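Some notes on the structure that comes next.
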Amino acid sequence: MRAAHRAKLAALAVAVLAVPTGLVVTSAGPVSAAAACGKTGPLRDGTNARMPSGVSANMRSGSSTACGVKGWADNQDWLMYYCWTYGENGTWTYVWNLDDNTLGWVKDSLLPDNGSYGSNNYCGF
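Position one of the sequence shown corresponds to residue 29 (the numbering used here), numbered consecutively onward.
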């Protein structure tokens with residue numbers, strides 16, 4: 029009887045510890061979300077803003093300075109805000125530079141009105 033009892037306990041332990049193969053664990057909230065290099069953002073905002081005189085910012089392929097530069101939001105350029113997400117050291121907005129037709133991510137602290145952040149235009153990733 030003792031061996032049968034151990035066999036049942038062992039089978040129960042294996043069943044309890046087994047992890048389904050299709051299980052994927054992800055973060056539920058936007059706190060850890062970021063735009064990976066190459067990720068674009070959906071058009072959720074549509075606000076136009078003009079870069080201040082004498083100010084320039086890199087437009088990157090993702091929400092990190094590790095992502096490549098795709099263009100610049102330069103002195104007096106007109107920008108359209110698409111959406112915002114979290115990234116390296118804060119929040120970032122996906123913008124379209126209407127003057128030179130480039131799209132990219134810019135850290136919100138470098139944009140007029142702090143970019144798209146604070147609005148209901150979260151990118152969703």
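In this text, a Cβ means the ideal position worked out from N, Cα and C, and glycines have one as well. These figures come from a predicted structure and were not determined experimentally.
Of the candidates Asn149, Asn129, Tyr122 and Leu126, Tyr122 places its Cα closest to the Cα of Leu138.
Between the beta-carbon of Ala61 and that of Ala85 there is about 21 Å, and that puts the pair past the 8 Å contact cut. Trp124 places its beta carbon 8 Å or farther from that of Gly90. A residue is called buried when at least 16 other Cβ atoms come within 10 angstroms of its Cβ; Thr93 does not meet this threshold and is exposed.
The beta carbons of Asp136 and Asn129 sit no closer together than 8 Å.
In this structure, DSSP gives Leu138 a helical state, which the three-state scheme calls helix. Here Leu126 is exposed, its C-beta having fewer than 16 other C-beta atoms within 10 Å. Considered as a whole, the segment 52 to 134 harbours 76 to 78, 85 to 88, 97 to 101, 106 to 115 and 118 to 125 as its complete beta strand (DSSP E) runs of no fewer than 3 residues, in chain order.
Under a 10 Å Cβ-count criterion, Ser81 is classified as exposed, with fewer than 16 other Cβ atoms of the shown protein chains found around its own Cβ. The beta carbon of Arg88 lies closer than 7 Å to those of Cys95, Gly96, Val97, Lys98, Gly132 and Trp133 in the same chain, with the five residues before and after it left out.
Closest in C-alpha terms to Gly69, from the list Asp105, Gln104 and Tyr114, comes Tyr114.
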